[in-house]
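Before any comments, here is the structure.
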Amino acid sequence: MSTSPGLFALTRRRFATPRSAALVIIALTALAAFVVAAAPRALVGVVRAEVSHQLGGVAPTSRDLSGTALDAPAFGPGDVSTEGWDPGASDVFGAVAEQLENARDGFDPVLRDLTSPAQFAEYKATGLVVVPGDAEPAQPADAPFAVIQLLSEPTATAQMTLVEGAWPQAWDGGDSPIGIVLSADAAATMGWTVGEQRRVPANARNLSDGWWPDAPAFVLAGTFTAVDPAADRWLHLPTALTATVFDDGNSRPRATAAAWVPAGTWERVSGQLGGSQITLWYPVDADAARGVDPTELLAAVRGATSASIPLDESGQLRVRLSSDLETVLSTALGRSGAASAILAVAAVGPLAVSVALIVLAAALIVRRRRTDLALLSARGAPLSRLRRLLLGEGVLLGVPAAVIGAGVGVLVTANDAGWMPTALAVLVGAAPGLALALTLRPALLERGRSDLDAPVRSRWTRIAEAIVGLLAVVAVVQLVLRGVGSGTTTIDPLVIAAPLLATVALALIVVRLHPLPIAAAFAAAKRGRGVVGLVGAARSLRDPAAGTTAVLAMVVAVAIAVFSSVVLATVDRGAVVAAQRDVGADIRIAGPYFEQATIDRLREVDGVTDAVGILRGDYLTVTGPGGRASVLALVTEPDRLAAAQRGFVGAFPGGLAAGSDPLQVAVSTAVTEETGGVTTVQNRPAQAVATVDELLGMAGTSEFVVLAASDYTALTGLGFYPRTVLVDITAGADVHAVADALSEIIGQNHTVRFLTDSTAEIQASPAVTALRFVLLSALGVAGLLSVIALLLVAGVARDARSRVIALLRTMGLDRRRARGIVAWEFAPLGITALVGGMILGAVLPLLVVVSIDLRPFTGGGAQPALTVDPLLSGSLIAAVIVALGIAVVAGVASARTTSIATVLRTEED
């Protein structure tokens, strides 16, 4: 006695037919929902992280809102909190503190929440030379002059730890000395001991002239170290924690440092010495800026820096704040905006392919259930009811997957982009139901052959394709002419619409061209005697494996992979080119004047191939047919420079023969445009043997002339003592070890810039990191979707393929030719996908380069040229070929498992 299966068993059987297609629908729906929910939130995070990254890389003196007034405001108390101030400071600095706090209250709330109360200090702009001595100045011969900048601020004692001595007492005027404190390092450099008194000489160049009669004496009351030497405040003040030593070799060295005076004494000191000015700043919290809308912050900064603020009640003394925040925010928004645009294009492609594959999987499900659906229709079930059943099944498959995908997308992204992306992600769950319902057509319920005639497009299909083409043209033209909207953290809808419409339009063209070579092959096969080409081409024309949907999915998947690889290679190459433009060689050293002997020693360091100096010389008069111009002379050893920059984009070409007549030079493009060429340089006949846009490693001027060092000396009588040296190192050498060895030879203060570090700095930004991650992910996902598409194609056409192979096997078809017929089913699809996808994938980056400014990714300069990575492109082609091979093997295997007797029993033909 048998029992009927229960409801659960029947439901499980229904949803498991075919199980692979149902799993594909669930996975693709979850993936699409995840991308729709997570992408906008992630882009918000990228924008804010980029802003925070840019702000963190700016020096506090440039980031903070700061200003300097060349006069000091009126002294007096104010209605402001003075907690933590030094004794007597409130009576002197209270009034100006109140004005600064009132100005901060007027900031936009977005900016006010990021700034701290103003900090300020008043100081004497002109330093005072002070020397020891009683009756007359007596400066030790081996000691530098001490130059002090008198300074006072309201919270000095809270920022210092006394090392020796005590905080000075208030100065009562008269002949008594003014007590000051210096940093311990500055006092040691000046050779000034605690308790020692010094005075201002009348003439520092001739100490025998005696003392300046109107200047008071100064006594060092104490020395200090900073409580927090790394605090940003010290950078805003005049030389504070150390003494700056100036030595030009022509006179006694001078050691300059700030000397603190008690706040309660400052009014009297300032009144006697005069010449005081105020420096002030509002500290900006770079970390807190991550959680702020950068567009609103940019507007707030522009508002704060566009007008001056008063420093006294009368409003006569005013100061205008400045900050690099505006430039930094503009750069960050430009970079993140370009990243958002590219990421949107990269994300829309896989979404479109996922939807197409959901439709393809729905077609597979409907075809596998064709017999059951036909039976229900024969028993009176109307088409609308069958479609509702399939719609309900699709909703049950899609909605839970979409909810899970959207939930994961929200969980893994911390930033809020509003409710719209999440709602759209959940609505993605309706796609499987719609795909299943609309895939069921009346022809599928009728018994008959569907592969006897070539498919015919309906009038509505042609109209829809024409509309898509027209919209694509309009969107692309609009995007190219208008460009991407800047200065916003939201994605420009046109950035999504134009590439998507262009992709679909071009893919439809490829789809319509797809049958033409197959038809030509079919015509040739009919004249031949082989069965493989005839049957394979006939089946591809009359019963394509999956029709338009499969070709669209494959073409778009390959196109997105090509697009991702090209844009990724372009951005990476652009960063390298920008670093080459910045550094000019493997290592750039800037600092003191380098003698030729020093440069020769640098060339002898292990790991150094060559070193060449570049001098910013005098301005020379260049004349040409179109006029004359005064341009900067860049002096070097041309052949060595060309060798050091060999392989760089925009490298100096060299070819200048020193000592030639006429004088051989290289000029910038800007000079050529202004003068129309070169006929003379400093009235000497000259010939321009090369024209360059810029000299790598020497940014800062667009009008210059390059000439050899010996020619420059002969022309001007000046020597060749460059302050910039470009170093070319051997392959495999440790660049930092080489730099350490070079620094030991130089000895003096200098800066070192590395090509590798400059490239890493550009690529380390959150926007570039996110761009690389998403493009690589899109590349991988596109490859995976291509494999899924081919497997779905194999599944959709399994029954028809198995029938043909089984029937031909009864006529003597061997396995080799069976594989050939199956290969005919997939080879045209693969070739079309590769050719069409490559073309489309090359067009999309062109659209990106034309409409989106990629210069923020490459450190400025020109728009980077498109670059193709052979490794990525080759890997992509190999992946598609492997996927085609897998599909052919699967198709042959499924055909071999089909029983010939079953085919002969169930088919009328």
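FYI, in this note's numbering the residues of the sequence shown are 166 to 1074. Glycine included, C-beta positions come from ideal geometry on N, C-alpha and C.
Would you identify the three-state DSSP class for residue i, choosing helix, strand or coil?
{"i": "Leu538", "result": "helix"}
{"i": "Val843", "result": "coil"}
{"i": "Ser317", "result": "strand"}
{"i": "Val257", "result": "helix"}
{"i": "Thr280", "result": "strand"}
{"i": "Gly739", "result": "helix"}
{"i": "Phe938", "result": "helix"}
{"i": "Tyr784", "result": "strand"}
{"i": "Ala898", "result": "coil"}
{"i": "Arg918", "result": "strand"}
{"i": "Ala831", "result": "strand"}
{"i": "Leu445", "result": "strand"}
{"i": "Asp826", "result": "coil"}
{"i": "Arg768", "result": "helix"}
{"i": "Ala873", "result": "strand"}
{"i": "Pro342", "result": "coil"}
{"i": "Ala619", "result": "With a pLDDT of 48 at Ala619, under the threshold of 50, the modelled position of that residue is not reliable, and the figure given next carries that caveat. In the structure shown, Ala619 sits in coil (DSSP, three-state: anything other than H, G, I, E or B)."}
{"i": "Ala929", "result": "coil"}
State the CB to CB distance for the pair residue i and residue j, rounded to an integer number of angstroms; the pair is presumed to be in contact (CB under 8 Å).
{"i": "Gly468", "j": "Asp273", "result": "6 Å"}
{"i": "Gln442", "j": "Thr247", "result": "About 22 Å; that fails the 8 Å criterion."}
{"i": "Thr320", "j": "Gly249", "result": "6 Å"}
{"i": "Ala947", "j": "Ala667", "result": "Actually they do not touch by this definition, with Cβ atoms about 17 Å apart."}
{"i": "Ile507", "j": "Val426", "result": "So it is not a contact: roughly 57 Å between Cβ atoms."}
{"i": "Gln928", "j": "Ala734", "result": "Not a contact, Cβ separation roughly 13 Å."}
{"i": "Val748", "j": "Val903", "result": "Val748 to Val903, Cβ: 14 Å. No contact."}
{"i": "Leu955", "j": "Phe991", "result": "7 Å"}
{"i": "Ala527", "j": "Ala600", "result": "4 Å"}
{"i": "Val800", "j": "Leu780", "result": "4 Å"}
Between the C-alpha atoms of residue i and residue j, what's the straight-line distance to the nearest angstrom?
{"i": "Val787", "j": "Arg811", "result": "28 Å"}
{"i": "Leu516", "j": "Val200", "result": "8 Å"}
{"i": "Val257", "j": "Ser317", "result": "10 Å"}
{"i": "Ser487", "j": "Gly778", "result": "36 Å"}
{"i": "Gly595", "j": "Ile191", "result": "The question names Gly, but residue 595 in the sequence shown is Ala. Cα-Cα distance, rounded: 12 Å."}
{"i": "Arg184", "j": "Arg533", "result": "11 Å"}
{"i": "Ala311", "j": "Leu293", "result": "8 Å"}
{"i": "Ala711", "j": "Leu678", "result": "Unreliable placement is indicated for Ala711, whose pLDDT of 49 sits below 50; the coordinate value is still reported in the next sentence. Each residue's alpha carbon lies about 16 Å from the other."}
{"i": "Trp446", "j": "Ala851", "result": "52 Å"}
{"i": "Gly259", "j": "Pro242", "result": "4 Å"}
{"i": "Pro252", "j": "Met863", "result": "52 Å"}
{"i": "Thr916", "j": "Ile754", "result": "6 Å"}
{"i": "Thr834", "j": "Asp581", "result": "48 Å"}
{"i": "Leu494", "j": "Leu276", "result": "13 Å"}
{"i": "Gly897", "j": "Ala906", "result": "16 Å"}
{"i": "Val642", "j": "Val669", "result": "16 Å"}
{"i": "Glu215", "j": "Val645", "result": "26 Å"}
{"i": "Asp826", "j": "Leu861", "result": "27 Å"}
{"i": "Val696", "j": "Arg606", "result": "33 Å"}
{"i": "Ser479", "j": "Thr280", "result": "26 Å"}
{"i": "Ala308", "j": "Val365", "result": "16 Å"}
{"i": "Phe411", "j": "Glu926", "result": "33 Å"}
As a quick exercise: from the options, pick the residue whose alpha carbon is nearest that of residue i.
{"i": "Ala971", "options": "Arg419, Val958, Val987, Leu957", "result": "Val987"}
{"i": "Ala391", "options": "Leu385, Val328, Gly429", "result": "Val328"}
{"i": "Leu400", "options": "Ala262, Gln481, Thr444", "result": "Thr444"}
{"i": "Leu957", "options": "Leu525, Leu717, Ala690, Ala740", "result": "Leu525"}
{"i": "Pro547", "options": "Ala602, Ile530, Val591, Met585", "result": "Ala602"}
{"i": "Val510", "options": "Asp737, Leu799, Ala204, Ala254", "result": "Ala204"}
{"i": "Ala879", "options": "Ala823, Ile910, Thr895", "result": "Ala823"}
{"i": "Gly634", "options": "Thr604, Leu659, Arg206, Leu665", "result": "Leu665"}
{"i": "Ala724", "options": "Lys289, Leu1011, Leu402, Trp332", "result": "Leu1011"}
{"i": "Ala197", "options": "Val1008, Gly574, Glu461", "result": "Gly574"}
Under 8 Å: does the beta carbon of residue i sit that close to some heavy atom of the ligand FAD?
{"i": "Ala637", "result": "Among the ligands in the structure shown, none appear at all, so the ligand FAD cannot be discussed."}
Starting from the N-terminal side, write out each stretch of the alpha helix (DSSP H) that is 4 residues or longer and does not extend beyond the segment 541-610.
548-577, 585-592, 596-604, 607-610
Mind pulling the beta strand (DSSP E) runs of 3 or more residues that sit fully within the segment 191-262?
230-234
Taking only runs that begin and end inside the segment 374-436, name each unbroken beta strand (DSSP E) of 3 or more residues, in chain order.
383-391, 409-411, 419-425
In chain order, each alpha helix (DSSP H) run of at least 4 residues that lies wholly inside the segment 782-820:
803-809
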